[in-house]
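One structure below.
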Amino acid sequence: MRAHLLGIEGMRVEDIHTLLTNAMTMHEVSERVIKKVPTLRGRTVINLFMEPSTRTRTSFELAGKRLSADVVNISESASSTKKGESLLDTAITLASMSPDILVVRHQASGAPHLLARYLSSTCVVNAGDGTHEHPSQALLDCLTLMRHFGEIPTGKTVAIVGDVAHSRVARSNILALSLLGNKVRLVGPPTLVPSDLAHPRCFGNRVTVHHSLGEGLKGADVVMCLRLQRERMTRFFIPSLEEYARHYGVSEKVLRIHAPEAVVLHPGPMNRGVEIDSDVADGERSLVTLQVQSGLAMRMAILVTLAAIRGAGTSESSEGGAI
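Our numbering numbers the first residue of the sequence shown as 36 and each following residue consecutively.
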């Protein structure tokens with residue numbers, strides 16, 4: 036059978052714990068002089084990125100190489116989709132070359148799930164699909180908090196501020212953080228943070244919605260800033276960038292008043308002066324650099340875990356996000 040990482044939805048808390056533990060081990064590899072281990076020697080990883088990416092693509096590539104896998108990178112501009120070939124035909128072509136893992140980023144929500152349904156001998160990793168999920172980002176964010184707090188994050192209050200409506204990062208983080216036992220506040224204007232996201236049918240009873248920045252940040256342990264994803268907006272959601280920054284931009288002044296002990300995350304890329312000020316992004320409470328470091332370790336852990344499951348011929352279901 037097969038195993039995939041398609042999303043946080045469908046994962047068990049034990050799965051996240053296992054990945055966090057494995058990632059802590061993988062982090063040690065990157066601190067060595069020779070940053071390479073033979074764990075995936077003879078395995079092949081294909082990174083199929085149909086959307087632009089810096090952090091995710093680079094870290095998956097480095098993750099594979101540091102584990103001694105053969106790594107192939109394919110972008111949209113270098114694929115036959117530019118000639119009209121469907122994503123499924125492209126993936127089937129690649130799968131016929133017997134890769135062990137296919138890492139996919141695509142602008143269509145559900146694209147990795149479609150591929151997982153048809154590729155019988157290749158593990159599929161969702162590196163971001165439309166506005167749906169970005170599971171490895173949420174997992175690395177949990178790892179970042181684990182490294183900062185010295186334990187798996189639980190019982191924390193996390194404020195996610197910004198464009199929640201269009202953010203796959205927000206969705207995966209809400210699911211992961213809630214699963215680990217944290218309270219999640221979604222903060223932003225009603226157009227970007229609809230009130231119905233607080234309904235238990237959406238994410239359970241650990242999520243609340245706040246349209247006041249001060250109210251949403253009050254006493255938070257963690258503040259996660261989100262980029263305005265204007266490339267996904269089909270209509271006007273804010274009057275202007277200046278207006279948004281005035282009411283929802285996270286600055287050191289605002290944090291000192293409402294969340295003086297909070298640490299700050301940002302998945303990148305950052306729009307400085309819009310959703311986050313430079314005094315926060317570059318300040319002592321910022322964990323942004325630690326996030327990038329954690330991203331490499333977590334993606335190494337994901338590749339190792341999936342390769343081990345595939346090698347063991349597991350009979351676990353490939354539905355949901357189960358790894």
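Every residue, glycine too, gets a C-beta built ideally from N, C-alpha and C.
For the alpha helix (DSSP H) containing Val315, name the first residue and the last one. That run of the alpha helix (DSSP H) goes 313-316.
Whole-number beta carbon distance between Ala297 and Arg262, since they are thought to touch under 8 Å: In fact, because the Cβ distance is near 19 Å, the residues do not count as touching under 8 Å.
Could you pull out every residue in the same chain whose Cβ sits closer than 6 Å to the Cβ of Gly119, ignoring the five residues on either side in sequence? For Gly119, where only same-chain residues beyond five positions count, there are no Cβ hits under 6 Å.
What would DSSP say about Lys363, mapped onto helix, strand or coil? Residue 363 is absent from the structure shown; the chain starts at 36 and stops at 358.
Sub-8 Å separation of Arg241 and Asn217 beta-carbons: In this structure, the beta-carbon distance from Arg241 to Asn217 falls below 8 Å.
Do Leu322 and Leu300 have their C-beta atoms within less than 8 Å of each other? Taking 8 Å as the Cβ cut-off, Leu322 and Leu300 qualify as a contacting pair.
Please name the residue, chosen from Lys191, Leu137, Ser171, that lies closest to Val107 on a Cα-to-Cα basis. For the set Lys191, Leu137, Ser171, the Cα lying nearest the Cα of Val107 is the one of Leu137.
According to DSSP, what are the bridge partners of Val106? Answer is Val80, bridged to Val106.
Could I get the ranges of all uninterrupted beta strand (DSSP E) runs contained in the region 117-163, with 3 residues as the minimum, in chain order? If only uninterrupted beta strand (DSSP E) runs of at least 3 residues are considered, those enclosed by the region 117-163 are 136-141.
Residue from Lys288, Ala332, Asn208 with nearest C-alpha to Ile311: Just measuring C-alpha positions, the residue of Lys288, Ala332, Asn208 sitting nearest Ile311 is Lys288.
Just how far apart, CA to CA, sit Leu221 and His282? Straight-line spacing of the CA atoms in Leu221 and His282 works out to 15 Å.
Do Leu41 and Val159 have their C-beta atoms within less than 8 Å of each other? Taking 8 Å as the Cβ cut-off, Leu41 and Val159 qualify as a contacting pair.
By DSSP, does Lys253 sit in helix, in strand, or in coil? Here Lys253 sits in coil by DSSP.
Going straight from the alpha carbon of Gly190 to that of Ser121, what length do you get? Rounded to whole angstroms, Gly190 to Ser121 spans 45 Å at the Cα level.
Please list the terminal residues of the continuous beta strand (DSSP E) segment that includes Val64. Boundaries for Val64: no beta strand (DSSP E) harbours it, while the alpha helix (DSSP H) harbouring it runs 48-64, taken from the DSSP string.
Once DSSP output is grouped into helix, strand and coil, what is the label at Arg241? In this structure, Arg241 counts as coil in the three-state DSSP scheme.
Which listed residue (Arg334, Glu277, Arg345, Ala343) has its alpha carbon closest to that of Thr179: Per the C-alpha coordinates, the member of Arg334, Glu277, Arg345, Ala343 positioned closest to Thr179 is Arg334.
Could you check the C-alpha separation between Thr192 and Ala130 for me, to the nearest Å? Roughly 42 Å between the two C-alpha positions.
Quick one, are the C-beta atoms of Ile43 and Ala255 less than 8 Å apart? Taking 8 Å as the Cβ cut-off, Ile43 and Ala255 do not qualify as a contacting pair.
Going along the chain, which residues of its own chain have a beta-carbon closer than 8 Å to the beta-carbon of Glu111, five neighbours each way excluded? Counting only Cβ-Cβ distances below 8 Å, and skipping sequence neighbours, we find Phe84, Met85, Glu86, Lys117.
6 Å CB neighbourhood of Leu252 in its chain, flanking five on each side removed: Excluding positions up to five away in sequence, the list reads Ala194, His293, Ala294.
For Met305, which of helix, strand or coil comes out of DSSP? Correct three-state label for Met305: coil.
With a CB to CB cut of under 7 Å and the five nearest residues on each side skipped, what residues in its chain are close to Ser313? Short of 7 Å from the beta carbon of Ser313, and not among the five residues preceding or following it, lie these beta carbons of its own chain, in chain order: Arg307.
Cβ-based burial, Arg203 [other Cβ within 10 Å; buried from 16]: Buried, because 16 or more other Cβ atoms sit within 10 Å of the Cβ of Arg203.
Where Ile81 and Ile109 are concerned, what is the direct C-alpha to C-alpha distance, given to the nearest angstrom? Ile81 and Ile109: Cα-Cα distance of roughly 7 Å.
If you run the structure through DSSP and keep just helix, strand and coil, what is Ile344? Ile344: helix per DSSP, three-state reduction.
Could you tell me whether the region 163-173 touches the region 137-154, where touching means 3 or more Cβ pairs closer than 8 Å? Judged by Cβ distances under 8 Å, the region 163-173 makes contact with the region 137-154, as three or more pairs qualify.
Under a Cβ-count criterion, where at least 16 other Cβ atoms within 10 Å of its own Cβ denotes burial, should Tyr153 be classed as buried or exposed? Under this definition Tyr153 is an exposed residue.
If you count every other CB in all the chains shown that lies within 10 Å of the CB of Arg236, and 16 or more means buried, which is it? Exposed: under 16 other Cβ atoms inside 10 Å.
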